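Heads up, the thing below is written out as structure tokens.
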Amino acid sequence: MNQRDGFDFIREAQRRMAEEAREDNWETLVIQALGLIVLGIVLVGVSAGWLW
1 MNQRDGFDFI
11 REAQRRMAEE
21 AREDNWETLV
31 IQALGLIVLG
41 IVLVGVSAGW
51 LW
């Protein structure tokens with residue numbers, strides 16, 4: 001997985017979450033956003049070779 005694929009994956013996940021968030025409350029959205037941020041950091045770190 002190169003870095004661009006990682007960002008595309010993050011954008012797709014954000015788009016799906018935005019659609020689901022219309023029905024969810026803000027607490028769920030905050031939890032999802034924090035999880036997505038962590039996922040993004042891990043993906044970028046792996047693709048840049050920082051973690052492994």
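Counting in full-length UniProt numbering, the sequence shown runs from 1 upward without gaps. Idealized CB from N, CA, C, for every residue including glycine. It should be emphasised that the depicted structure is a prediction, and the values quoted were computed from it without experimental measurement.
For D8, the closest C-alpha among the options L43, W50, A48 is that of L43. For the pair G35 and I10, the CB atoms are not nearer than the 9 Å cut-off. If you look at G35, you'll find it in the alpha helix (DSSP H) that goes 26–48.
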